[in-house]
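Asker:
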Amino acid sequence: MLDELSAIQSDALSAIDSVDSETALEEFRICFLGKKGRLTAAAAGMRNVSKEDKPAVGQKLNEVRKTITGLVEKCTVELAALKDAEAVAGIDPTLPARPLTQGAGHPLSQMLNRAVDTLHQLGFAIAEGPEIETEWHCFDALNTPQDHPARNEKDTFYFDSGKLLRTHTSTVQVRTMEGVAGPPVRIIAPGSAFRRDEIDATHSISFTQLEGLYVDRDVTVADLKGTLEYFFHSIFGKDTELRFRPHFFPFTEPSFEIDVKLHAAGKTSRWIEIAGCGMVDPAVFESINSQRKDDLFSPDRVSGFAFGLGIDRLAMIMHGIPDLRLFSDNDVRFLRQFA
Ligand code: PHE
Numbered sequence: 020m021l022d023e024l025s026a027i028q029s030d031a032l033s034a035i036d037s038v039d040s041e042t043a044l045e046e047f048r049i050c051f052l053g054k055k056g057r058l059t060a061a062a063a064g065m066r067n068v069s070k071e072d073k074p075a076v077g078q079k080l081n082e083v084r085k086t087i088t089g090l091v092e093k094c095t096v097e098l099a100a101l102k103d104a105e106a107v108a109g110i111d112p113t114l115p116a117r118p119l120t121q122g123a124g125h126p127l128s129q130m131l132n133r134a135v136d137t138l139h140q141l142g143f144a145i146a147e148g149p150e151i152e153t154e155w156h157c158f159d160a161l162n163t164p165q166d167h168p169a170r171n172e173k174d175t176f177y178f179d180s181g182k183l184l185r186t187h188t189s190t191v192q193v194r195t196m197e198g199v200a201g202p203p204v205r206i207i208a209p210g211s212a213f214r215r216d217e218i219d220a221t222h223s224i225s226f227t228q229l230e231g232l233y234v235d236r237d238v239t240v241a242d243l244k245g246t247l248e249y250f251f252h253s254i255f256g257k258d259t260e261l262r263f264r265p266h267f268f269p270f271t272e273p274s275f276e277i278d279v280k281l282h283a284a285g286k287t288s289r290w291i292e293i294a295g296c297g298m299v300d301p302a303v304f305e306s307i308n309s310q311r312k313d314d315l316f317s318p319d320r321v322s323g324f325a326f327g328l329g330i331d332r333l334a335m336i337m338h339g340i341p342d343l344r345l346f347s348d349n350d351v352r353f354l355r356q357f358a
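The letter at position 17 of the sequence shown is residue 36 when you use the numbering used here, and the numbering goes up by one with no holes.
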């Protein structure tokens, strides 16, 4: 019996050398340790060993089992290591890592976020409205008569349904006043607007606007000027010169255009128009009342100011970008400069 066990052990020791795969290892294990394996058979023979020999044989049996189990474990680890090595063969882990390319916001998004953040600080909340609008929200409610050029087919994208792509974000003024519980209202509405323009360096068929509306008791032109001066000084710097130039919009009275003085290196400074604004026209409040019928926005009770900025224009001035089309060309050489 002892000889038999020694033979099993030395057979196992030499057989393990030729085990070179997981399948071969499993065969090896079954051959020696399996239910019908050689060691199991030998253990069954313990029955026939005499009482005196039992301790010695039993000890030998355990020793051989331990050795063979050890062989299986060692070989399992070695095979796993071999597999790992094969998986990374040809890869040099000592090479420096590839640099991660980090994305960044589009210059228009960056500009918009900055504008929104600044107005948030002044207590303006974000409001939204659809890009496909009714004529009511785009024109009628905003005191814009039938014969106004903005309503012209040549200037505006109409659908067969009679709806249109909003020509400005002022639609959100109307939607907000129609929908809120009542004044005060202090909102900004960033979003796209669409016009049938000839596309060139400074005109596009779609652009990003930021609308603002403040309605409360006793809002005055001083509030309008103070708010917008604060805004533009935060964006362009404290010393930037601004000018409020009288203008006309159907939905504000009085109305202004705001110009900012640009100092480009090597060129004479010039004024650039960047926003439209004004005091909400009483006729707009009347339109709102005609819908709400609760008189909360009666021009006798409230007044307000509104403004609309072109975010594209702002970003162009801010970064000295000469052509609006660069924003939509998607050329990474351009975009990377703002990362
Ligand atoms: N809606 C105007 C435009 O698109 C801008 C504007 C907004 C003017 C609010 C006055 C008040 O040109």
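Each residue gets a CB set at the ideal place from its N, CA and C atoms; glycine is no exception. Treat the numbers as computed from the prediction; the structure is a model and nothing was measured.
(1) On a CA-only basis, which of Gly-231, Glu-197 and Ser-317 is nearest Gly-142? Give me that one, please.
(2) Need the endpoints of the alpha helix (DSSP H) that Ile-291 sits in, please.
(3) Considering just the uninterrupted stretch of the beta strand (DSSP E) at Ser-322, what are its terminal residues?
(4) Taking 7 Å as the cut-off, does the CB of Gln-121 come closer than this to any heavy atom belonging to the ligand PHE?
(5) Looking at Gly-327 and the ligand PHE, is the gap between the Cβ and the nearest heavy atom below 7 Å?
(6) Smallest Cα separation from Phe-268: which of Leu-44, Gly-198 and Thr-163?
(7) Are there three or more Cβ pairs, one per stretch, closer than 8 Å when the stretch 187 to 197 is compared with the stretch 336 to 345?
(8) Between which two residues does the alpha helix (DSSP H) holding Ile-87 run?
(9) Using a 10 Å radius around the Cβ and a threshold of 16 neighbouring Cβ atoms, would you call Ala-212 buried or exposed?
(10) Count the other C-beta atoms from every protein chain shown that fall within 10 angstroms of the C-beta of Met-65, then say buried if there are 16 or more, exposed otherwise.
(11) Can you tell me the Cβ-Cβ gap for Leu-58 and Ile-35, rounded? I've got them flagged as a contact below 8 Å.
(12) Return the first residue and the last residue of the beta strand (DSSP E) that Glu-230 is part of.
(13) Report yes or no: do three or more beta-carbon pairs, one from the stretch 347 to 358 and one from the stretch 254 to 265, lie closer than 8 Å?
(14) Are Val-299 and Val-234 touching if we call contact CB-CB under 8 Å?
(15) Please classify Thr-163: does DSSP put it in a helix, a strand, or coil?
(16) Count the other CB atoms within 10 Å of the CB of Ala-99; is the residue buried (16 or more) or exposed (fewer)?
(17) Let me check one thing: in DSSP terms, what residues is Leu-184 bridge-paired to?
(18) Nearest CA to the CA of Glu-260: which residue from Arg-170, Lys-93, Asp-242 and His-282?
(19) Taking Leu-90 and Ala-62 to be in contact with their CB atoms under 8 Å, please state how far apart those CB atoms are, rounded to whole angstroms.
Answerer: Quick look at the numbers:
(1) Sequence index remark: in the sequence shown, residue 142 carries index 123 (1-based). For the set Gly-231, Glu-197 and Ser-317, the Cα lying nearest the Cα of Gly-142 is the one of Gly-231.
(2) The count along the sequence shown starts at 1 and reaches residue 291 at position 272. Per DSSP, Ile-291 is not a residue of any alpha helix (DSSP H); the beta strand (DSSP E) it occupies stretches across 289 to 299.
(3) Translated into the one-based positions of the sequence shown, residue 322 becomes position 303. Per DSSP, Ser-322 is one residue of the beta strand (DSSP E) stretching across 322 to 329.
(4) Locating residue 121 in the sequence shown gives position 102, counting from the first residue. No; taking the cut-off as 7 Å, the Cβ of Gln-121 has no heavy atom of the ligand PHE nearer than that.
(5) Taking the sequence shown and counting its residues from 1, the one referred to as residue 327 is at position 308. Answer for Gly-327: yes, Cβ within range of the ligand PHE.
(6) Here residue 268 is taken as the residue at index 249 of the sequence shown, counted from 1. Nearest of Leu-44, Gly-198 and Thr-163 to Phe-268, Cα basis: Thr-163.
(7) Look at the beta carbons and you see the stretch 187 to 197 not touching the stretch 336 to 345: under three pairs across the two are nearer than 8 Å.
(8) Within the sequence shown, residue 87 is the residue found at index 68, counting from 1. Unbroken alpha helix (DSSP H) run through Ile-87: 73 to 106.
(9) Position 193 of the sequence shown holds residue 212. Counting every other CB atom within 10 Å of its CB across the protein chains shown gives Ala-212 a total of 16 or more, marking it as buried.
(10) In the sequence shown, residue 65 corresponds to position 46, counting from 1. Exposed, by the Cβ-count rule.
(11) What you label residue 58 is simply residue 39 of the sequence shown in a count that begins at 1. What you label residue 35 is simply residue 16 of the sequence shown in a count that begins at 1. With a Cβ gap of about 14 Å, Leu-58 and Ile-35 do not count as contacting.
(12) Translated into positions along the sequence shown, residue 230 becomes position 211. Where Glu-230 is concerned, the enclosing beta strand (DSSP E) starts and stops at 225 to 235.
(13) Touching, no.
(14) Here residue 299 corresponds to residue number 280 of the sequence shown, with the count starting at 1. Here residue 234 corresponds to residue number 215 of the sequence shown, with the count starting at 1. Yes, these two residues count as a Cβ contact at 8 Å.
(15) Start at 1 with the first residue of the sequence shown, and residue 163 comes out as number 144. It is coil, neither helix nor strand.
(16) Indexing the sequence shown from 1 puts residue 99 at position 80. Classification for Ala-99: exposed.
(17) Counting from 1 along the sequence shown, the entry for residue 184 is found at position 165. Leu-184 is bridged to Ile-151.
(18) Along the sequence shown, one-based indexing puts residue 260 at 241. The residue with the shortest Cα to Cα distance from Glu-260 is His-282.
(19) Within the sequence shown, numbered from 1, the residue matching residue 90 stands at position 71. Within the sequence shown, numbered from 1, the residue matching residue 62 stands at position 43. No, Leu-90 and Ala-62 are not in contact; Cβ-Cβ is about 17 Å, not under 8 Å.
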